[in-house]
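Per our numbering, the sequence shown starts with residue 543, numbered consecutively.
Beta carbons are placed, not taken as given, at the ideal position from N, Cα and C, and that holds for glycine.
Take a look at the structure below.
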Amino acid sequence: MDAADRARVEAWLRYGDDLGLGPYYRSRSAQERPAELESSVQAEPLPRTMAAAAALRASFSSPDLSPKTSVGRSQLAAAPQKPAQAAASVLPIVTGPSLFEAADRIENDTLERIRADIGDCTRCKLHKGRTNIVFGVGSMKAELVFVGEGPGHDEDLKGEPFVGRAGKLLTQMIESMGLRRQDVYICNVVKCRPPENRLPEKDEITTCSLFLFRQIDVIRPKVICCLGSCASQTLLQTTQGISRFRGEWFDFRGSKLIATYHPAYLLRNPNAKGEVWKDLQKVMSVLGLQPKRK
Ligand code: URA
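Here is the structure:
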């Protein structure tokens, strides 16, 4: 096997090991498979990031969300093993990036380069109706990134995310957390306004989310807060409804990810504000923030 092939196989094995599948690769015989792997095979299949997230949640048997906590794949790999897994011979723990992380990170990427790569984009049909591309705004050193769905009317005109009614509510939410808008980074799954503010379509999301992933990779925030279904389903690669996983912690390429309701939903359903505030308090706990004094 040449060096490149060997590196590829090793990366796959590391990825499997990150997910706790080492014993599975050692023995594919159904009888010898550890019970917890069998049950996960029969369970509703989770997409890759959700499977990793489920393992992450399992590792939170006594949740520690203190500000310094950084949960990464190395911690997943180091989590105590259940007896069936411990008995099997497992591959050594490798702390490098998994294949999923290594494969699509662009070396020395910058927000400027991403914006330049987007250019005067015509990759999907959304370009036909846009006034401005709405790239993102805020600090490239932000510890907290908010991800929305796509620009609306006001954002399209101004070229800045979350500046309309929902945006004003988001700004209030940020300030309630003891932060200013310029302390965080705000962006969307799609960068051009969908006609009549309809939901972005699958092909539009697939095309545009590559730029979102690069933005997140460059900023490497401690926390990503997904606003609404579109952002959370895109980043977690799931079709499950947001109410199934809202307020729970997930891992997204080394950042902690939490989903909460979209501010536009809160404008229509103010009773849900309490739920969102609980989610934001979880974020504040991780970031060591105190609520703004009135
Ligand atoms: N809704 C979003 O999802 N994003 C915006 O930028 C504005 C409204």
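For A801, the three-state secondary structure derived from DSSP is strand. The C-beta of I656 has 16 or more other C-beta atoms within 10 Å across all chains shown, which makes the residue buried.
In the displayed model, L686 falls within a strand according to three-state DSSP.
Under DSSP, I728 takes part in a beta bridge, and its partners are V679, F688. Of the heavy atoms belonging to the ligand URA, at least one sits nearer than 7 Å to the Cβ of H804. If you ignore the 5 residues before and after K764, its C-beta comes within less than 8 Å of the C-beta of S612, E685, L686, S797, K798, V828, L829, all in its own chain and listed in chain order.
Inter-residue distance for Y727 and K710 is about 15 Å (C-alpha atoms, whole angstroms). Note that the C-beta distance between G680 and Q714 is not below 8 Å. Beta-bridge pairing by DSSP links D793 to K798. For I660, the uninterrupted alpha helix (DSSP H) run begins and ends at 653-660, by DSSP. With respect to L769, P736 sits apart: the two C-beta atoms are not nearer than 8 Å.
Following the DSSP letters along the chain, one finds V825 inside the alpha helix (DSSP H) bounded by residues 815-829.
Counting C-beta pairs with one atom in each stretch, the stretch 736-756 and the stretch 666-673 have three or more that are closer than 8 Å, which means they touch.
In the three-state DSSP reduction, C767 falls in the strand class (E or B). Judged by beta-carbon spacing, F688 lies beyond the 8 Å limit of K733, meaning their Cβ atoms are not closer than that value. Setting aside the 5 residues that flank it on each side, A801 is surrounded in the same chain by C768, S774, I784, F787, R788, each with a C-beta closer than 7 Å to its C-beta; the list follows chain order. In the three-state DSSP reduction, V705 falls in the coil class, being neither helix nor strand. The ligand URA has a heavy atom closer than 7 Å to the beta-carbon of E697.
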